[in-house]
Amino acid sequence: MGRTFRSVRMGSQEVADRWMKATRTLRKEDQIYGQRLAEMARVHSSEGFCALDDPLEAAAFSVLIELLKALDPEGDGPPGGLKGGKSVDKRVDDGGVKKPDVDL
Numbered sequence: 642m643g644r645t646f647r648s649v650r651m652g653s654q655e656v657a658d659r660w661m662k663a664t665r666t667l668r669k670e671d672q673i674y675g676q677r678l679a680e681m682a683r684v685h686s687s688e689g690f691c692a693l694d695d696p697l698e699a700a701a702f703s704v705l706i707e708l709l710k711a712l713d714p715e716g717d718g719p720p721g722g723l724k725g726g727k728s729v730d731k732r733v734d735d736g737g738v739k740k741p742d743v744d745l
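Numbering-wise (our numbering), the sequence shown opens with residue 642 and increments by one.
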C-alpha cells in the first residue's frame with residue numbers, strides 16, 4: 642500500500658479549520674478577529690503554495706499578505722515597502738543598512 646501525502650493546500654485548510662475552532666475559546670469581543678484570521682488563512686490556500694512546504698507557513702504567509710493589503714487601500718504597494726526591489730525608505734542605503742535618524 643502506498644502512502645498518502647497531504648498537499649500544502651489541504652494542510653493550510655486544516656490549519657484554518659483549527660484556528661476557527663480555537664476562535665470559540667476567545668472572549669466574545671475577540672471572536673470576530675479569530676474568525677477573520679482563519680478566513681485570511683484560507684484566501685490564498687489554493688493559489689500557489691508550491692514554493693512552501695509547511696502548511697502553517699503557507700497559512701501565515703496568506704494572513705500576512707491579507708494584512709498588508711488591508712494596510713494599503715489604494716493598492717499601490719506595501720506602505721514604506723519595496724518598489725522595484727529597492728527600499729523607498731531614505732534611511733536605508735542600497736545595501737540594506739539603516740542609516741541613523743540623526744546626522745552626527
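No residue lacks a Cβ here, since even glycine has one placed at the ideal position from N, Cα and C.
Note that the structure is predicted; figures quoted are calculated from it, not measured.
| Asked | Found |
| --- | --- |
| Under 8 angstroms, do L693 and V649 count as touching if we go by C-beta distance? | yes |
| Any contact between the stretch 709-716 and the stretch 666-678? By contact I mean 3 or more CB pairs, one from each, below 8 angstroms. | no |
| Rounded to whole angstroms, how far is the Cβ of E655 from the Cβ of V684, which I believe are closer than 8 angstroms? | Contact doesn't hold; Cβ gap of about 15 angstroms is too wide. |
| Among residues of its own chain, excluding the 5 on either side of K704, which ones have a beta-carbon nearer than 8 angstroms to its beta-carbon? | Note that residue 704 corresponds to Val in the displayed sequence, not to Lys. Excluding positions up to five away in sequence, the list reads L678, M681 and A682. |
| Do you know whose CA, among L709, A700, G718 and K710, lies nearest M651's CA? | A700 |
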